[in-house]
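J.:
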Amino acid sequence: MIGDIHQRVTCSSVASLAFFSHFAYVASFELRDVSHALSDPNWVNAMHEELENFERNHVWDLVEPPPNCHPIGTKWVFKNKQGEDGMVVRNKARLVSQGFCQKEGINYDESFAPVARLETIRILLAFAASKGFKLQQMDVKSAFANGFIEEEVYVRQPPGFESARFLDREYKLRKPLYGLKQAPRACFAEQMGREFEMSLMGELQFFLGLQIKQSPEGTFVHQAKYTRDILKKFNMGYSKPMTTPMSTNTALDADEDGEAVDQKEF
């Protein structure tokens, strides 16, 4: 029991407890070691969810590897999904391949990631704000698992989820995993031809490192969370803040011989 058992219970307090009880079933720390994740039921559930998506999408088959097969390793990546208030709302486990082991011409030929340019996103946000539109966000579940790969690729069994009966077997991929060099290309080509299982994420709030706040007065775009994450990464969260990154008394001169920068990037 959490709290004072003698305290008078009100409707608002019950609602507050109900809200926070949801987070009691979500791990608040991101892990790097799969052995620690396997001891936490919250992360185990997240890993099971990922593997169930693989089974549902027919991503791979457990087979006997051919002679001279060099399977690509796999690893788990753990990430907390946060709401606008910074609270952890979901634990996400992603099984990725160690694509850096791939050799061009053997288990991949082409690679590219069809990601929207930030200029395009800014234009979309500005247009929506000018028209008073509210942008909604959707997510493709296991996006890369919806494409197909042409090459013959084998990967090792997921750490912590190896088959006790078939330890000598490897997974032959039908569809790409995150981390494969050709995964974004395969996913994009397939997306153009059919529909996917989508999940509605509600009003657009986070996208490509941007935090977006939409209101009738306009759209405010900032990177406060990204800034805090950088400070945390370099242990500077408690450093003394400054209003400007350099002295305001420094005299600046135009660099006549310098190369012009792409202003769209800033």
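Once you know that position 212 of the sequence shown is 212 in the UniProt record's numbering, the rest is easy, because the numbers rise by one and skip nothing. For every residue, glycine included, the Cβ atom is placed at its ideal position computed from N, Cα and C. Fair warning: this is a prediction, and the values are worked out from it, not measured in the lab.
1. Where does Ser215 sit, in a helix, a strand or coil, going by DSSP?
2. Tell me whether Pro216 is buried or exposed, calling it buried when 16 or more other Cβ atoms sit within 10 Å of its Cβ.
3. Which residue from Ala37, Gly237, Gln98 and Thr74 puts its Cα closest to that of Lys92?
4. If you follow the beta strand (DSSP E) that Ser97 is in, where does it begin and where does it stop?
5. Once you ignore the five residues that flank Ile121 on each side, which residues in its own chain have a CB closer than 8 Å to its CB?
6. May I ask you to report which of helix, strand or coil DSSP gives Glu170?
7. Indicate the three-state DSSP secondary structure (helix, strand or coil) for Thr250 in the structure shown.
8. Of all the options His58, Leu95 and Phe78, which has the alpha carbon lying nearest to the alpha carbon of Arg32?
9. Nearest to residue 338 by CA position, among Pro41, Lys81 and Val63, is which residue?
10. With a threshold of 16 other CB atoms inside 10 Å of the CB of Leu204, please say whether the residue is buried or exposed.
11. When DSSP builds the beta bridges, which residues end up paired with Tyr178?
12. How many whole angstroms separate the CB atoms of Asp61 and Lys172, which I take to be in contact at a CB cut-off of 8 Å?
T.: The relevant details are as follows:
1. One-based indexing of the sequence shown puts residue 215 at position 215. The answer is strand: DSSP assigns Ser215 an E or B state.
2. Here residue 216 is taken as the residue at index 216 of the sequence shown, counted from 1. Counting Cβ neighbours within 10 Å, Pro216 comes out exposed, since fewer than 16 surround it.
3. For this step, residue 92 is matched to residue 92 along the sequence shown. Here the closest residue by C-alpha is Ala37.
4. Here residue 97 corresponds to residue number 97 of the sequence shown, with the count starting at 1. Per DSSP, the unbroken beta strand (DSSP E) holding Ser97 starts and ends at Val88 to Ser97.
5. Numbered from its first residue, the sequence shown carries residue 121 at position 121. The residues are Phe207, Leu208 and Leu210.
6. Counting from 1 along the sequence shown, the entry for residue 170 is found at position 170. When secondary structure is reduced to three states using DSSP, Glu170 falls in the strand class.
7. Counting from 1 along the sequence shown, the entry for residue 250 is found at position 250. Looking at Thr250 - three-state DSSP - the assignment turns out to be coil, as it is neither helix nor strand.
8. Working through the sequence shown from its first residue, we reach residue 32 at position 32. Check the Cα spacing between Arg32 and each of His58, Leu95 and Phe78: the tightest is with Phe78.
9. Look at the range of the chain in this structure, 1 to 266, and you will see that residue 338 is not part of it.
10. Stepping through the sequence shown from its first residue, residue 204 is reached at position 204. With 16 or more other Cβ atoms within 10 Å, it is buried.
11. As a position in the sequence shown, residue 178 is number 178, starting the count at 1. According to DSSP, Tyr178 shares a beta bridge with Val96.
12. In the sequence shown, residue 61 corresponds to position 61, counting from 1. In the sequence shown, residue 172 corresponds to position 172, counting from 1. The pair is a contact, with the Cβ atoms about 5 Å apart (cut-off 8 Å).
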